[in-house]
Each structure stands twice: as C-alpha cells, then as structure tokens.
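In order, the protein sequences belong to chains A and P.
So in the UniProt record's numbering, spot 62 of the first sequence is number 62, and the numbers just go up one at a time.
So in the UniProt record's numbering, spot 55 of the second sequence is number 55, and the numbers just go up one at a time.
Note sheet for the following structure.
Number of protein chains: 2
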Amino acid sequence: MAQSVGIKDVARAAGVSVGTVSNVINRPEAVAARTRARVLSAIDRLGYVRSESARQLRAGHSRIMGLLVLDMGNPFFVDVARGAERAAREAGLGVMVCNSAQSADEEAEYLAHFAEQRVRGVLLTPADATGRNIEAFRRHGIPFVLVDRVSDDTTECSVSVDDVLGGALAVRHLVDAGHRSLAYVSGPPSLNQVRDRRTGALKALSAAGLGPDALRELPTERLDVASGRDAGARLLGLSRRPTAVFCANDLLALGVLQAMFAAGVDVPGELAIVGYDDIEFAAAAAIPLTSVRQPAVTLGALAAELLLAETETETGDGQPHEHRRVILKPELVVRRSSLVPR
Amino acid sequence: MAQSVGIKDVARAAGVSVGTVSNVINRPEAVAARTRARVLSAIDRLGYVRSESARQLRAGHSRIMGLLVLDMGNPFFVDVARGAERAAREAGLGVMVCNSAQSADEEAEYLAHFAEQRVRGVLLTPADATGRNIEAFRRHGIPFVLVDRVSDDTTECSVSVDDVLGGALAVRHLVDAGHRSLAYVSGPPSLNQVRDRRTGALKALSAAGLGPDALRELPTERLDVASGRDAGARLLGLSRRPTAVFCANDLLALGVLQAMFAAGVDVPGELAIVGYDDIEFAAAAAIPLTSVRQPAVTLGALAAELLLAETETETGDGQPHEHRRVILKPELVVRRSSLVPR
DNA sequence: GTTCCGACTTGAATCGTTTCACAAAAAGGG
DNA sequence: CCCTTTTTGTGAAACGATTCAAGTCGGAAC
C-alpha cells in the first residue's frame with residue numbers, strides 16, 4: 001500500500017491543482033487557510049511522502065553532503081562525522097558517510113558515486129597520495145573541503161589540526177617533568193602526521209637545550225595496538241632505556257602500556273607515556289593515558305560549515321568564494337601515565 | 001564547467017539519439033561497436049556523469065539502503081555498518097548510515113528522511129521502545145530488517161545475537177574456573193540485552209548447582225566506562241567480595257579493571273573479569289580482557305542480505321517473501337583477565 | 001458602473017533519465 | 001532479386017516534483 005501516492009493523487013483527493021499542493025508544502029503562507037487545511041488532510045489521509053529524487057531532479061542537486069573518511073574504525077573520524085552531521089543538519093542537509101579504508105580505488109568509487117548523486121559538496125580526507133582522484137573529481141565542479149589535511153594550493157578549503165604544535169606540547173610536557181631521555185613511537189614514517197609530530201617533538205627538545213639524539217625513534221608498521229606492543233618490547237630491550245615515550249597515536253600508546261604491564265615496568269614511575277588523539281579509551285586505560293586531544297568534532301563541523309558557505313556564495317550573489325585554510329590547535333590532556341612520581 | 005551535461009548533449013555530440021546513449025550505458029551489447037565507441041568518446045570528452053536522481057525518479061526507488069544505529073561511537077555498530085556496507089555494495093547499493101543516538105525523535109526524523117529518499121530498504125536498531133516510529137514507517141511500504149533485536153511478530157525480518165547463550169558462556173567459564181561467588185555489572189536493567197544476559201548467567205549457575213544468590217547484581221546508569229569504574233568501587237566495598245565479575249559490556253569491564261588497578265587489586269588473582277562484545281580495546285587493555293564476542297560484521301552483512309532478498313522477491317516473481325528471524329551465536333574469547341592463577 | 005488591485009489558483013513546461021513500440025538497414029535464404 | 005529475419009537505432013512518453021505566467025474572483029476605490 002501507499003505504493004506511490006504522488007502530488008497528483010493528493011491534488012485530486014483535495015480537489016485542487018498540483019501547483020496548489022506544491023504551494024501548501026513549500027510556501028504554506030501563499031495558500032488560503034481553508035484550502036491548506038483540505039490539502040493537508042488529504043496528504044495525511046493518503047500517507048503522501050514527497051519524492052526527494054523528483055525535487056532533486058528539478059533543483060539540479062541533492063540535499064546531501066558526502067563525507068569520505070579513511071577509517072570508520074578510528075574514533076577520531078567518528079567524531080569528525082558527528083561534527084559534520086550536526087552542522088549539516090542545521091542547514092537541512094543529510095550526510096552520507098563513506099569509508100575509503102585508505103584505498104585509492106575505493107575512494108575513486110565513492111567519489112564517482114557522490115558525483116552521480118549530485119551531492120551538494122564533499123568533505124574528504126584523501127587516501128590517494130597521488131592526488132589523481134581529487135583532480136578527476138574537480139572536473140565535476142562539485143565543491144569539496146579537505147579534512148585533516150592542508151591544501152597546498154588555493155583551489156579548495158581545508159581544515160586540519162596543527163600536528164607540529166601537538167608534538168611540541170607532548171614533548172614539552174615530558175621535558176618539563178624532568179625527562180631527558182625520550183623515545184618516539186612513530187608509526188609509518190610515510191605519514192605526514194607522523195613526520196609533523198616528530199618535527200614538533202624535536203622543536204620542543206631544542207627549546208629545552210636538548211639535541212635530536214635525546215629522542216630515539218621507533219618506527220612501526222602501522223598505527224595500531226599490536227604495533228605498539230611490539231614497539232614496547234623493543235623499548236625494553238634498549239640499552240640506557242628512555243624514561244619517557246611519546247606515541248604518535250593512542251593505539252600505539254595503549255600497546256606500549258600493555259607491554260610495560262606484562263613486563264612489570266611501572267608506569268609512570270619507570271616510564272612515562274604520552275599518546276595522541278585522546279580517544280575515549282585513553283582515559284579508560286588501566287593507567288589513564290596522557291594524550292594530545294584533537295578537536296575532532298569541531299573539525300568536522302567547521303569543515304561542513306566552510307563547505308556550506310562555499311555552496312551558498314557559489315549559487316548566490318556572484319561574490320566569489322574565498323578559499324580558506326583553517327588550522328586548529330590541539331590541546332594536552334594530562335593524566336596519570338605521565339605524572340611525575342613523588 | 002561541466003555545469004550540466006545531460007544525456008541529450010552527449011547524444012548531440014555523438015550524432016545519435018538519446019535512446020542510443022542510454023543503451024550504451026545500460027546495455028552496451030545492444031549497440032554496434034562503432035557507435036558505442038563514438039558515444040563513449042563523447043561521454044568522456046564532455047565529462048558526462050549520469051544523474052542518479054533522474055534514474056531514481058524513473059525507477060521509483062533509489063539505490064541506497066538506510067542504516068539507523070543507536071550509537072556510532074560504539075565499535076559494535078561500526079562493525080555492523082561495515083558488514084552491511086560490504087553486502088550492499090556487492091548488490092550495487094550504497095548505504096546511508098545514520099545515528100539516532102538513542103533518541104526516538106531523531107529516529108523519527110531519519111526514518112522520514114529515508115522515506116523521502118525512497119531508499120530500497122532500512123536496517124534498523126530501534127531507539128523508540130514504544131514502537132510508534134516503526135508503526136508509522138511501516139505505512140510507507142518500505143521493507144526493513146531489525147538489527148540486534150528480535151522481531152516479536154512475523155511482519156519483518158530480524159537478525160540478532162543470542163544474549164542468553166552469551167551470558168551463559170561467560171558464567172559457565174567462570175564457574176568452571178572454580179569461582180563460586182560472582183557479580184554481574186549489568187547496566188540499565190531496562191535493556192533487553194541486559195536482562196537476557198542475566199538470564200543466561202543464572203542458567204549457567206543453576207546448571208552448576210548454584211542458586212541465584214551466587215550472583216550479586218550491580219546495576220549502573222549507563223553502559224560506559226565511567227559507570228564501570230563506579231561499579232568497581234561499589235564492588236570493592238562489598239562484604240564477602242566476589243571473586244569474579246561478569247560485565248554486560250566491555251566498557252563496563254574496562255571501568256571495573258581501572259578501579260581494581262587503582263585499588264591495587266590483582267586481576268585475575270583476586271578478581272576475574274569477563275566483558276561482553278569483544279570490542280577492539282578489550283584485547284588492548286593492560287590486562288587483556290576475556291569477552292563474549294558478537295559476530296557484528298556478520299550481523300550487518302546478514303541483515304543487508306535479508307533485506308535485499310526481500311526487495312527482490314517483492315519486485316520479482318510474486319512469490320511472497322518469508323520473513324525470517326535469525327539468531328546468531330556469540331563466542332567466548334578467553335584472555336588473561338579470567339585465567340586461573342597458578 | 002467601471003476599473004483596478006491583491007489574493008488565490010491553475011496548468012503547462014521543465015528537469016534527465018529509461019523504456020518500448022516501431023522504423024530502418026543489413027544480412028541471409030531461396 | 002525479392003522476402004524474411006536479425007540487428008541497430010529512433011523518439012516520444014513516462015517518472016513526480018517545482019515554477020511561473022496567466023487566469024479568476026471578490027471587493028475597494030473612484
């Protein structure tokens with residue numbers, strides 16, 4: 001039932017024309033009260049639901065915003081999505097969240113899908129390092145905003161978090177606590193974030209009069225708990241073991257913590273640990289983890305707002321949109337894992 | 001640019017009719033090779049992208065499946081989404097994931113949105129206990145499948161996990177390890193899952209010749225880490241403290257673990273802990289957590305498949321769709337937190 | 001009584017596809 | 001060379017909403 005009640009059926013049932021029904025829905029004030037009531041009752045009686053596709057077809061674009069993230073399993077992106085959704089909803093838009101799982105192919109596929117959907121715009125954390133997907137997508141003329149990436153030219157907006165600052169915050173904190181021999185569990189050195197955070201760490205060291213050899217780097221294959229456990233084991237084997245470790249990511253930090261726990265090493269007594277991202281589970285660890293918090297929800301919301309601003313000026317008064325490059329500041333959250341033992 | 005290249009523009013550029021262009025796209029084998037090549041080249045040259053909305057309008061329904069979950073922050077649902085997406089993609093459908101955040105109002109809003117979108121079907125974990133939203137949605141004639149809920153009548157399919165069995169697995173394991181005095185950190189008793197898991201726990205106890213008083217219940221406000229920490233504190237205050245605790249959820253278990261750690265109570269020596277869900281962070285805890293694993297990805301995939309089956313028979317040969325009620329089996333994953341100390 | 005205005009309402013055109021009955025051309029068969 | 005198939009290509013009619021120029025009507029103004 002309700003198989004396909006169209007605006008025409010409503011019009012017939014209410015004894016008016018289709019134009020009037022459309023007006024009742026979109027500009028109710030332009031319809032006489034009596035007529036409006038009759039139409040509304042007919043709508044209700046027939047269970048009419050307007051068809052988005054028909055509206056879209058006429059309007060030329062949909063009321064949906066695309067969001068393409070690297071990894072839905074990462075709480076960071078879940079928060080980004082939350083923020084984006086909130087902002088989009090305030091503008092009456094829906095968000096379609098897709099997960100490229102770091103694969104350039106899937107990214108291309110989803111972007112094509114977005115283009116066919118004629119989405120209003122796309123929020124994107126690129127998976128394809130070559131930028132080919134983005135180039136191809138640009139042809140469609142659909143506006144997009146880079147998330148957690150800095151745009152290198154002025155062809156689009158971007159919203160990111162200052163990773164250099166984040167790394168500096170973490171290491172400054174450790175140095176202030178008296179640590180002089182540190183380690184950096186870094187993850188894959190190919191990642192921008194990883195490199196930026198190290199740059200910040202070194203900066204903080206040098207500000208304290210320490211050289212780069214005060215920071216021993218332990219790269220890992222991936223940014224997950226298993227890799228952290230692994231790095232922890234390597235850490236234990238080091239001669240002149242560092243007294244503090246900065247991890248590029250909370251998952252790594254949790255892994256290190258686990259390794260220390262298994263080996264009976266006291267945290268923070270024998271080893272202080274600082275993570276990155278401040279995921280929910282950082283606070284939930286057996287020894288709550290000090291971490292650098294990224295304003296993920298804000299990031300998502302801001303990205304969505306920039307996108308909305310862009311689409312509005314584009315369709316609007318002709319005043320050209322000014323692309324912006326927003327860089328948010330991270331924040332250190334101190335917990336037990338890095339407290340100075342007394 | 002590419003502002004709106006329609007099928008008509010392609011047809012003109014290639015010197016053929018619109019019907020032919022459509023054929024090239026949808027039934028390429030029905031077009032002579034030479035013509036096809038000409039059309040394809042025109043498509044490429046003009047940067048033509050077909051409009052989903054127009055297709056949808058014609059077809060009467062979109063190529064999207066809706067998924068409405070209770071909490072995107074919960075890794076369980078993220079996995080459900082992953083499974084659903086995989087299954088949907090194999091059928092050429094996209095998934096639109098929305099988060100009701102346990103609010104009946106938001107649920108209603110998203111369901112209305114799905115109806116307007118004419119989605120192919122909806123996977124739903126209801127937030128509205130009254131069932132009013134579902135009733136209203138049913139009128140649209142859009143098929144849906146309940147996820148992580150058992151349908152009580154035969155009007156729809158459902159896919160869930162056997163919580164009674166899960167509770168039994170957990171407690172049997174503890175009893176087998178010699179524990180005779182247990183606790184159940186249960187979360188809000190209003191939740192079905194919470195009740196079912198307790199039923200299972202009691203069953204396992206009685207199978208071992210123990211009465212219900214061997215299981216002290218500690219309800220909490222919510223299913224999160226803070227509540228777990230809280231329950232842990234209460235646990236410590238109990239006279240004749242239990243030697244093992246079963247938690248309705250891994251977050252609770254992590255909270256309990258944290259409390260034990262802060263109090264210097266040895267886990268599993270003085271207190272064994274079993275959680276539920278086997279989220280990624282259960283294995284990542286300082287003391288890896290024994291947990292009852294739910295096949296979340298399978299759950300999502302299966303739900304999507306049932307939905308697809310339903311939509312196919314509905315539009316297809318007239319053979320009516322048989323609603324199914326699938327109940328998957330959970331699985332105990334033993335880790336250090338419940339090992340018998342030796 | 002005529003004119004004009006404002007408030008409502010109408011209905012046709014439009015958006016970009018898909019589909020389908022039909023036409024045209026090519027390929028066989030005799 | 002004519003007739004029958006088969007293969008290709010055509011173009012108009014949907015799909016369901018929105019929009020807008022044009023129309024109707026009742027009443028106010030002169």
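Think of the CB as a built atom: it goes at the ideal place given N, C-alpha and C, for glycine as much as any other residue.
Give me the chain P residues within the contact set of residue i, using Cβ-Cβ distance strictly less than 8 Å, ordered along the chain.
{"i": "Ile287 (chain A)", "result": "Phe261 and Ala286"}
{"i": "Asp81 (chain A)", "result": "Inspection of the sequence shows that residue 81 (chain A) is occupied by Ala rather than by Asp. Met72, listed in chain order."}
{"i": "Ser4 (chain A)", "result": "Gly60"}
{"i": "Gly255 (chain A)", "result": "Ala284"}
Relative to the C-alpha of residue i, which candidate in the options has its C-alpha closest?
{"i": "Ala309 (chain A)", "options": "A:Gly187, A:Ala296, A:Val145 and A:Ser227", "result": "A:Val145"}
{"i": "Asp213 (chain P)", "options": "P:Ala183, P:Gly232, P:Gly187 and P:Ala207", "result": "P:Ala183"}
{"i": "Ala258 (chain P)", "options": "P:Ile279, P:Arg240, P:Asp224 and P:Pro242", "result": "Strictly speaking, residue 258 (chain P) in this sequence is Gln, with Ala absent from that position. Checking every option, the nearest Cα to that of Gln258 (chain P) belongs to P:Asp224."}
{"i": "Thr199 (chain P)", "options": "P:Gly255, P:Ala177, P:Leu169 and P:Glu221", "result": "P:Leu169"}
{"i": "Ser206 (chain P)", "options": "P:Gly228, P:Arg180 and P:Asn192", "result": "P:Arg180"}
{"i": "Ser337 (chain P)", "options": "P:Arg293, P:Gly269 and P:Gln117", "result": "P:Gly269"}
{"i": "Ala293 (chain A)", "options": "A:Asp277, A:Gly237, A:Leu328 and A:Val340", "result": "First, the residue type needs correcting, since residue 293 (chain A) is Arg and not Ala in the sequence shown. Among A:Asp277, A:Gly237, A:Leu328 and A:Val340, the Cα nearest to that of Arg293 (chain A) belongs to A:Asp277."}
{"i": "Val161 (chain P)", "options": "P:Asn133, P:Asp196, P:Ala129 and P:Gly178", "result": "P:Asp196"}
{"i": "Ala296 (chain A)", "options": "A:Arg36, A:Val10, A:Val256 and A:Val78", "result": "A:Val78"}
{"i": "Val119 (chain A)", "options": "A:Gly66, A:Met260 and A:Cys157", "result": "A:Gly66"}
{"i": "Ala14 (chain A)", "options": "A:Arg38, A:Ser4, A:Val24 and A:Gly209", "result": "A:Arg38"}
{"i": "Glu107 (chain P)", "options": "P:Ala88, P:Gly94 and P:Ala129", "result": "P:Ala129"}
{"i": "Gly47 (chain P)", "options": "A:Gly94, A:Thr125, A:Glu135 and A:Leu46", "result": "A:Glu135"}
{"i": "Gly275 (chain A)", "options": "A:Leu210, A:Asp250 and A:Glu52", "result": "A:Asp250"}
{"i": "Leu339 (chain P)", "options": "P:Leu252, P:Pro320, P:Thr243 and P:Ala33", "result": "P:Thr243"}
{"i": "Ser158 (chain A)", "options": "A:Ala208, A:Leu238 and A:Ala304", "result": "A:Ala304"}
Roughly how many whole angstroms lie between the Cα atoms of residue i and residue j?
{"i": "Arg335 (chain A)", "j": "Gly166 (chain A)", "result": "16 Å"}
{"i": "His173 (chain A)", "j": "Val333 (chain A)", "result": "10 Å"}
{"i": "Ile273 (chain P)", "j": "Cys247 (chain P)", "result": "8 Å"}
{"i": "Ala231 (chain P)", "j": "Ala284 (chain P)", "result": "21 Å"}
{"i": "Val245 (chain P)", "j": "Val185 (chain P)", "result": "7 Å"}
{"i": "Val267 (chain A)", "j": "Leu289 (chain A)", "result": "10 Å"}
{"i": "Pro330 (chain P)", "j": "Val147 (chain A)", "result": "38 Å"}
{"i": "Ala127 (chain A)", "j": "Ser41 (chain A)", "result": "50 Å"}
{"i": "Phe137 (chain A)", "j": "Val150 (chain P)", "result": "43 Å"}
{"i": "Thr313 (chain A)", "j": "Leu306 (chain A)", "result": "11 Å"}
{"i": "Leu123 (chain A)", "j": "Leu215 (chain P)", "result": "50 Å"}
{"i": "Arg82 (chain P)", "j": "Val31 (chain P)", "result": "38 Å"}
{"i": "Glu221 (chain A)", "j": "Asp44 (chain P)", "result": "40 Å"}
{"i": "Met72 (chain P)", "j": "Glu280 (chain P)", "result": "15 Å"}
{"i": "Met1 (chain A)", "j": "Ala101 (chain A)", "result": "Only weak support is given to the placement of Met1 (chain A): the predicted model assigns it a pLDDT of 46, under 50, and the question is left unresolved by the model."}
{"i": "Arg324 (chain P)", "j": "Thr155 (chain P)", "result": "9 Å"}
{"i": "Val171 (chain P)", "j": "Leu235 (chain A)", "result": "38 Å"}
{"i": "Gly92 (chain A)", "j": "Leu191 (chain A)", "result": "36 Å"}
{"i": "Arg50 (chain A)", "j": "Arg132 (chain A)", "result": "38 Å"}
{"i": "Arg240 (chain A)", "j": "Thr125 (chain P)", "result": "54 Å"}
Where does residue i fall in DSSP's three states?
{"i": "Ala282 (chain A)", "result": "helix"}
{"i": "Met96 (chain A)", "result": "strand"}
{"i": "Ser51 (chain A)", "result": "coil"}
{"i": "Pro188 (chain P)", "result": "coil"}
{"i": "Arg325 (chain A)", "result": "strand"}
{"i": "Met72 (chain P)", "result": "coil"}
{"i": "Ser41 (chain P)", "result": "helix"}
{"i": "Gly275 (chain P)", "result": "strand"}
{"i": "Thr290 (chain A)", "result": "strand"}
{"i": "Val256 (chain A)", "result": "helix"}
{"i": "Ala127 (chain P)", "result": "coil"}
{"i": "Ala244 (chain P)", "result": "strand"}
List the residues of chain A whose Cβ lies closer than 9 Å to the Cβ of residue i, in chain order.
{"i": "Arg335 (chain P)", "result": "Ordered by position in chain A, no residue passes the 9 Å Cβ test against Arg335 (chain P), which lies about 11 Å from the chain."}
For residue i, which residues in chain P fall below 7 Å Cβ to Cβ?
{"i": "Val49 (chain A)", "result": "Ala115, Glu116 and His140"}
{"i": "Leu46 (chain A)", "result": "The contacting residues do not exist; Leu46 (chain A) stays about 10 Å from chain P at best."}
Say the cut is 6 Å; is the CB of residue i nearer than that to a heavy atom of the ligand FMN?
{"i": "Ile142 (chain A)", "result": "In terms of ligand content, the structure shown is empty, and the ligand FMN therefore cannot be addressed."}
Using a Cβ cut-off of 7 Å, pull out every chain A residue sitting near residue i, in sequence order please.
{"i": "Ser53 (chain P)", "result": "Ser53, Gln56, Leu57, Ser62 and Arg118"}
What does residue i reach in chain A if we use C-beta pairs closer than 8 Å?
{"i": "Gln258 (chain P)", "result": "Ala284, Ala285, Ala286 and Pro288"}
{"i": "Val78 (chain P)", "result": "Met72, Gly73 and Val78"}
Please name the residues in the segment 137-165 of chain P whose beta-carbon is closer than 7 Å to at least one beta-carbon of chain A, in chain order.
Arg139, His140 and Gly141
Taking any Cβ of chain A, which residues in the segment 101-113 of chain P have a Cβ under 7 Å from it, in chain order?
His113
With 8 Å as the C-beta to C-beta threshold (strictly closer), list the residues of the segment 84-97 of chain P near chain A in chain order.
Glu85, Gly94, Met96 and Val97
Could you list the residues in the segment 279-308 of chain P with a C-beta less than 8 Å from some C-beta on chain A, going in chain order?
Glu280, Phe281, Ala283, Ala284, Ala285, Ala286, Ile287 and Pro288
Can you list, in chain order, the residues of the segment 199-232 of chain A whose Cβ is nearer than 8 Å to any Cβ on chain P?
Val225
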